[in-house]
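Letter by letter, the sequence shown follows residues 245 to 439 of this note's numbering.
The beta carbon of each residue, even a glycine, is placed where N, CA and C say it ideally should be.
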Amino acid sequence: MLEGQGFEVKGEAEDGRSAVRLANQLKPDAVIIDISMPGLNGIEATRQIREESPTVKVVVLSMRSDSQAVLMAFAAGASGYILKEAAFEEVVVALNVVAQGQTYVSPSIAEVVVQNSVDHWLPGGAATSHRKISSREREILQLLAEGMSTREIADALYVSVKTIETHRKQIMNKLNVRSIAELTKYAIREGMTSL
Numbered sequence: 245m246l247e248g249q250g251f252e253v254k255g256e257a258e259d260g261r262s263a264v265r266l267a268n269q270l271k272p273d274a275v276i277i278d279i280s281m282p283g284l285n286g287i288e289a290t291r292q293i294r295e296e297s298p299t300v301k302v303v304v305l306s307m308r309s310d311s312q313a314v315l316m317a318f319a320a321g322a323s324g325y326i327l328k329e330a331a332f333e334e335v336v337v338a339l340n341v342v343a344q345g346q347t348y349v350s351p352s353i354a355e356v357v358v359q360n361s362v363d364h365w366l367p368g369g370a371a372t373s374h375r376k377i378s379s380r381e382r383e384i385l386q387l388l389a390e391g392m393s394t395r396e397i398a399d400a401l402y403v404s405v406k407t408i409e410t411h412r413k414q415i416m417n418k419l420n421v422r423s424i425a426e427l428t429k430y431a432i433r434e435g436m437t438s439l
């Protein structure tokens with residue numbers, strides 16, 4: 245459908261890690277990324293794509309219309325945010341808008357985002373616990389919440405088991421939680437995983 249609108253589709257990815265790898269290899273002008281992907285969610289994938297390829301425009305596709313999800317996507321470097329229920333024509337509009345260096349937000353959520361973000365970003369507002377943990381810690385938290393063992397995470401991220409254990413302890417301390425179950429609940433509540 246996109247090719248019928250004059251776009252060239254360079255590749256497709258099944259999960260967040262593949263999306264980051266392909267974006268880095270293929271250097272597309274834009275990426276459409278699902279916010280809920282296994283292994284590495286769309287927010288973290290967006291962050292990594294933008295870090296590795298700053299000129300790539302990322303349009304996030306999501307079922308979530310809450311302001312927190314939208315703001316997290318833009319904070320990660322997204323250029324656009326579309327609801328999955330949007331018509332195909334809106335995807336085309338979003339791609340054209342971000343290609344021109346502008347930002348796109350689905351009209352159906354723009355009002356909610358503006359209303360809910362004003363209070364959140366006022367000076368003196370308390371930082372959310374989500375912003376207390378680093379990008380790497382969020383990545384590890386997602387993998388823990390998705391049921392991966394410490395060894396599996398270490399192997400996937402090419403680090404030692406000790407490094408993952410240290411990160412897990414730091415995450416738990418920063419979020420003031422005491423169990424993997426609490427970490428999993430937190431990750432689901434914050435939209436890091438859709439389990």
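Integer Cβ distance of residue i from residue j, believed to fall under 8 Å
| i | j | result |
| --- | --- | --- |
| R412 | L388 | 7 Å |
| D310 | G283 | That belief does not hold up - the Cβ atoms of D310 and G283 are roughly 23 Å apart, past 8 Å. |
| T299 | A320 | Not really, about 16 Å apart at Cβ, beyond 8 Å. |
Which residues DSSP lists as bridging residue i, in chain order
| i | result |
| --- | --- |
| K301 | A274 |
| L327 | S306 |
| V349 | Y325 |
CA-to-CA distance, residue j to residue i, given in whole angstroms
| i | j | result |
| --- | --- | --- |
| F318 | V405 | 32 Å |
| S393 | I408 | 10 Å |
| T324 | I424 | The sequence shown places Gly at residue 324, rather than the Thr named in the question. For G324 and I424, the distance between alpha carbons rounds to 33 Å. |
| S352 | R294 | 26 Å |
| I415 | E247 | 43 Å |
| E434 | T410 | 22 Å |
| I384 | R261 | 13 Å |
| I432 | Q292 | 21 Å |
| E448 | V303 | Summary: the structure shown does not reach residue 448, with the chain confined to residues 245 through 439, and so no result is reported for it. |
| V264 | D278 | 12 Å |
| R380 | I397 | 12 Å |
| S306 | F251 | 21 Å |
| Y430 | L401 | 22 Å |
| G391 | R382 | 14 Å |
| V421 | L427 | 7 Å |
| V336 | E296 | 25 Å |
| V403 | Q269 | 23 Å |
| A338 | I326 | 8 Å |
| K376 | Q249 | 42 Å |
| E355 | N417 | 36 Å |
| K328 | N285 | 16 Å |
| D399 | S378 | 20 Å |
| R395 | R308 | 32 Å |
Contacting residues, own chain, Cβ-Cβ under 6 Å from residue i (five flanking each side not counted)
| i | result |
| --- | --- |
| L266 | G255 and A257 |
| M316 | I287 |
| S373 | At S373, the pLDDT of 49 sits below 50, so the modelled position is not reliable; the number obtained from the coordinates is stated separately. Around S373: L419. |
Residues of its chain near residue i, where Cβ-Cβ distance is below 8 Å and the 5 sequence neighbours each way are ignored
| i | result |
| --- | --- |
| A371 | Confidence at A371 is low in this model, with a pLDDT of 43, below 50, so the placement of that residue is unreliable and no value is reported for it. |
| V357 | S311, V314, L315 and V349 |
Own chain residues within Cβ distance below 7 Å of residue i, not counting five before or after
| i | result |
| --- | --- |
| A330 | S350 |
| T347 | S323 and G324 |
| V253 | L246 and E247 |
| K301 | D273, A274, S323, V342 and A343 |
Residue i beta carbon near the ligand PLP (any heavy atom closer than 7 Å)
| i | result |
| --- | --- |
| S379 | Looking at this structure, you won't find the ligand PLP or any other ligand, since it has none at all. |
Notebook entry, point to check: How about the segment 268-275 and the segment 332-349: do they share at least three Cβ pairs that are nearer than 8 Å?
Noted result: yes
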